[in-house]
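Each residue of the sequence shown is one higher than the one before, starting from 343 at the first, in my numbering.
Note that the Cβ used here is the ideal one computed from N, Cα and C, for glycine as well.
Since we're looking at a predicted model, the values are computed, not measured.
Report on the following structure.
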Amino acid sequence: GLSVLRLGVMADDGITAIETLESWLAGLKLPKQKLCRDNIAAVDQENHPAEWEQVVRGPVYLKYTYTSATEDPGSGEGTPCESA
343 GLSVLRLGVM ADDGITAIET LESWLAGLKL PKQKLCRDNI AAVDQENHPA EWEQVVRGPV
403 YLKYTYTSAT EDPGSGEGTP CESA
């Protein structure tokens, strides 16, 4: 099954970028999905990490990484993966 999914959203401002990302995630219905700041990286037009204050003003490019839970083959129990 799916183990890692990466999405990129470019927008004129941070509010639009987050709303668009939330819309995509709602449509994908990923298991045990929770939008978490740790899973989102914001970069500027030069692909350098952006400060969150800069994200609000825009333009912004958000990189989202979803990592699904893995299953322990010995026990069959799922264990959560860390975000990439």
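Report task. Helix, strand or coil for residue 350, going by three-state DSSP, please let me know. Result -> strand
Query raised in the report: Once you ignore the five residues that flank residue 363 on each side, which residues in its own chain have a CB closer than 8 Å to its CB?
Result: 349, 351, 377, 382, 404 and 406, listed in sequence order.
Query raised in the report: For residue 346, does the count of other Cβ atoms within 10 angstroms reach 16, so buried, or fall short, so exposed?
Result: Classification of residue 346: exposed, given that the 10 Å Cβ count is below 16.
Query raised in the report: Using a Cβ-Cβ cut-off of 6 Å (strictly less than) and excluding sequence neighbours within five positions of residue 386, which residues of its own chain qualify?
Result: 392
Query raised in the report: Along the chain, where does the beta strand (DSSP E) that runs through residue 404 open and close?
Result: That run of the beta strand (DSSP E) goes 402-409.
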